[in-house]
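Chemist: Those protein sequences? They're chains L and Y, same order as listed.
Read in my numbering, the first sequence has 74 at position 68, and its numbers run on one by one without any break.
Read in my numbering, the second sequence has 38 at position 4, and its numbers run on one by one without any break.
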Amino acid sequence: MQCPKCHAPMHTYNRNGVQIEQCSGCRGIFLDYGELESLTRLEAQWGQQAPPPPAPPTAPQGYPAAPAPAWGAPHGGHHGHGDHYGHKRHKSFGHMLFSS
Amino acid sequence: MTVPVLAALADSARAVAHRRSGGACVCGDGGAVLADRADASVVRHGDVVAKAHAPDTDPAELAVRLDVAARLPGVLLAPSAPGATRLHGRLVTFWPHGTPVDRDDPDSAPWEAAGALLARLHAAPVPGTIPPMRGPAKAARAVARLRAAEPHPAAPPVLRAWAGLPPWARDEAAAPGPLALCHGDLHLGQLVRGPDGHWLLIDVDDLGMGDPAWDLARPAAWFACGLLSPREWTRFLDAYRDAGGPAVPAGAADPWPALDVPARALTVQTAALAISKAVAGRRALDEVEQALVDACARMSGVDVRPPELAPDATK
Chain L
7 MQCPKCHAPM HTYNRNGVQI EQCSGCRGIF LDYGELESLT RLEAQWGQQA PPPPAPPTAP
67 QGYPAAPAPA WGAPHGGHHG HGDHYGHKRH KSFGHMLFSS
Chain Y
35 MTVPVLAALA DSARAVAHRR SGGACVCGDG GAVLADRADA SVVRHGDVVA KAHAPDTDPA
95 ELAVRLDVAA RLPGVLLAPS APGATRLHGR LVTFWPHGTP VDRDDPDSAP WEAAGALLAR
155 LHAAPVPGTI PPMRGPAKAA RAVARLRAAE PHPAAPPVLR AWAGLPPWAR DEAAAPGPLA
215 LCHGDLHLGQ LVRGPDGHWL LIDVDDLGMG DPAWDLARPA AWFACGLLSP REWTRFLDAY
275 RDAGGPAVPA GAADPWPALD VPARALTVQT AALAISKAVA GRRALDEVEQ ALVDACARMS
335 GVDVRPPELA PDATK
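#1: Pick out whichever of Y:Ala286, Y:Ala171, Y:Pro89 has its Cα sitting closest to the Cα of valine 126 (chain Y).
#2: Just reading off the alpha helix (DSSP H) that cysteine 330 (chain Y) is part of, what are its end residues?
#3: Which whole runs of the alpha helix (DSSP H) in the segment 89-168 of chain Y are 4 residues long or more, in chain order?
#4: Among Y:Asp272, Y:Asp141, Y:Gly242, Y:Gly279, which residue has its Cα nearest to the Cα of arginine 99 (chain Y)?
#5: For leucine 235 (chain Y), which residues does DSSP report across the bridge?
#6: What does DSSP give as the partner residue(s) for phenylalanine 36 (chain L) in the beta ladder?
#7: Could you spell out the range, first to last residue, of the beta strand (DSSP E) harbouring arginine 78 (chain Y)?
#8: Looking at the C-beta of proline 10 (chain L), does it have a partner C-beta in chain Y at a distance below 7 Å?
#9: Determine which residues share a DSSP beta bridge with glycine 242 (chain Y) and list them.
#10: Let me check understanding here. Comparing Cα to Cα, which of Y:Ala209, Y:Thr119, Y:Gln324, Y:Pro187 lies closest to valine 295 (chain Y)?
#11: Going by beta-carbon coordinates alone, are tryptophan 233 (chain Y) and leucine 222 (chain Y) separated by less than 7 Å?
#12: Identify whether alanine 84 (chain Y) lies in helix, strand or coil by the three-state DSSP scheme.
#13: Determine the chain L residues that contact alanine 287 (chain Y) at a beta-carbon separation under 8 Å, and present them in chain order.
#14: Excluding the 5 residues flanking valine 338 (chain Y) on each side, which residues of the same chain have their C-beta closer than 8 Å to its C-beta?
#15: Looking at the unbroken beta strand (DSSP E) that takes in aspartate 70 (chain Y), where does it start and where does it end?
#16: Using a Cβ-Cβ distance under 7 Å, would leucine 103 (chain L) count as near chain Y?
#17: If contact means a Cβ-Cβ distance below 7 Å, which residues of the segment 33-49 of chain L contact chain Y?
#18: Per DSSP, glutamine 8 (chain L) is paired with what?
#19: Can you tell me whether serine 142 (chain Y) is buried or exposed? The criterion is at least 16 other CB atoms within 10 Å of its CB, across all chains shown.
#20: Contact defined as beta carbons within less than 8 Å: I believe alanine 292 (chain Y) pairs with alanine 329 (chain Y). What is the distance between those atoms, to the nearest angstrom?
#21: For the segment 39-49 of chain L and the segment 301-309 of chain Y, state whether three or more C-beta atom pairs, one from each stretch, are separated by less than 8 Å.
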């Protein structure tokens, strides 16, 4: 993945189970959909020592409503460039969607 | 697969390709290896594809599956020759070459065709006795491979999700009815454009009688794990329903009571294979693989949804 600002390569780091991409050039950080919320939740857990209830799946905007299972990923993001699907979809399309 | 077997496979493909042209090869490109995995090796020559099936393939079951492929034109690619031949101890079949889905162009993926073809397959009359669809067996094999691999921190949530599935989805009991003719291993590599330009399903190795929801479950799992957008998932599912597919009730707004168990099983299967490959390759899980493991972890907190009443149970 390339930094959308300076186009330098971005590296993935794992912080408490949350994947964070950081640019090797400008040090900017890219958060996927839900990752900021995950970090905020971890911070709150650290303070309260009690897990808050999981956030309900948000209704996607601009997509047709499609029922999803309770164990599914929160579907979100927006139309346009750099959205959640565009990013993960292109990564998965090449191999995951073509293999047993 | 060993090089001599691949070479023999290429020779067979060339022989079949030129059976009607006096043996002279003007194809120019020689034999191209399309796949060489433990479960199958596929070589193309001209417009003929030769496939060496897995070493443990049952000849009688393969014969039935080939017969089904020959009987469903417009749904399954028909073999070029009836039956299988033996080559270096492997069963080999011959097929016309079809154009696969373009891996570099996600927007061209034939979601509507995939849904409609599955609907027609599931509604097809069943000719005689058909072996069981091998989807649950493949899922069980993936989990066995994960268990045999070195320990990995992502394995426990995947194994917990597997333990929460009903026995039939783990290949420990017969699938509950109503059963239909199923492909058993649907993904985008299982669609090709045939000679007349229409999309067809290929690879009958796992085809058989089973819960037709299993064939929708891999796209369902991709959607549930956030790898497939609601738009693409809806295109696929709507095409399946519009073509009269029996796996999900036509009138129900929510298809998940029918899809939940198979989609969990396919998520577990895909995550298990991803972890096994990551362990073997001594690499970290990528973002997509981690999304599958995360979904498995969430499954443990969510009970399996009760199955739908069978349509004829209310009559």
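Every residue, glycine too, gets a C-beta built ideally from N, C-alpha and C.
All values reported here derive from a predicted model rather than from experimental measurement.
Modeler: A quick look at the data gives this:
#1: Y:Pro89
#2: 321-333
#3: 93-105, 145-156
#4: Y:Gly242
#5: Y:Leu110, Y:Leu225
#6: L:Glu27
#7: 74-79
#8: no
#9: Y:Cys216
#10: Y:Ala209
#11: no
#12: strand
#13: Pro73
#14: Gly198, Leu199, Pro200, Asp294, Val295, Arg298
#15: 66-70
#16: yes
#17: none
#18: L:Pro15
#19: exposed
#20: Contact flag wrong, Cβ pair sits at about 18 Å.
#21: no
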